[in-house]
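The sequence shown begins at 0 in numbering that gives the first Met the number 0 and counts up one residue at a time. Reading through the structure tokens given below for one structure.
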Amino acid sequence: MKLLIGSKMYSVLYNKCPRCHIGRFWASNNPFKNMFSRYEETCKTCDNCCLFYELETGFWYGSMYVSYAISVAVMVLFWSLTTFFFPIINIFNEILIIVLAILLVSPVNYHLSRLIWINFFIKYIRNDTY
């Protein structure tokens with residue numbers, strides 16, 4: 000099922016501006032490239048509607064809560080998988096697997112948490128007049 004333009008999930012999953020759903024939020028769709036590259040990882044404004052992404056100083060601190068929730072979900076998922084598939088596993092090995100999973104998913108977590116956070120505050124506007 001294709002996500003409709005105008006839904007918040009469309010903006011989050013397709014890396015689009017939360018207001019117009021046309022411009023890009025991140026410079027690249029690859030979270031690993033965004034996190035480890037030398038240039039700025041986010042676009043400062045939308046190319047289409049000129050929305051300034053950092054709404055106020057310290058705006059992105061709130062995305063830490065979203066990032067924490069995603070990390071807890073990853074931790075619970077990998078804990079469930081390791082206890083289901085490896086019932087006799089050393090606790091230190093289980094912790095190592097969970098920590099490695101969280102570290103490997105951290106660029107995607109960072110990418111998604113900022114998109115989810117800004118979508119809490121910006122409403123989609125269908126018109127071309129901004």
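Think of the CB as a built atom: it goes at the ideal place given N, C-alpha and C, for glycine as much as any other residue.
In terms of DSSP beta bridges, what is residue i paired with?
i          : result
residue 82 : BP columns for residue 82 are empty, so no partner.
residue 7  : Per DSSP, none; premise fails for residue 7.
residue 23 : 15
residue 51 : 44
With a threshold of 16 other CB atoms inside 10 Å of the CB of residue i, please say whether the residue is buried or exposed.
i           : result
residue 24  : buried
residue 131 : Since the displayed the chain opens at 0 and closes at 129, residue 131 lies outside it and no answer follows.
residue 15  : buried
residue 3   : exposed
residue 30  : buried
residue 49  : exposed
residue 17  : buried
residue 62  : buried
residue 145 : In the structure as shown, the chain starts at 0 and stops at 129, and residue 145 therefore has no counterpart that could be examined.
residue 102 : exposed
residue 111 : buried
Secondary structure at residue i, three-state DSSP: helix, strand or coil?
i           : result
residue 113 : helix
residue 32  : helix
residue 126 : coil
residue 61  : helix
residue 108 : helix
If residue i sits next to residue j, beta carbons under 8 Å apart, how far is it from one beta carbon to the other, in whole angstroms?
i           : j           : result
residue 65  : residue 104 : Residue 65 to residue 104, Cβ: 14 Å. No contact.
residue 125 : residue 5   : 7 Å
residue 118 : residue 7   : 5 Å
residue 42  : residue 68  : Not confirmed; about 25 Å, so no contact.
residue 11  : residue 97  : In fact, because the Cβ distance is near 25 Å, the residues do not count as touching under 8 Å.
residue 34  : residue 86  : So it is not a contact: roughly 35 Å between Cβ atoms.
residue 77  : residue 100 : 4 Å
Counting pairs of beta carbons, one from the region 91-100 and one from the region 50-63, are three or more of them closer than 8 Å?
no
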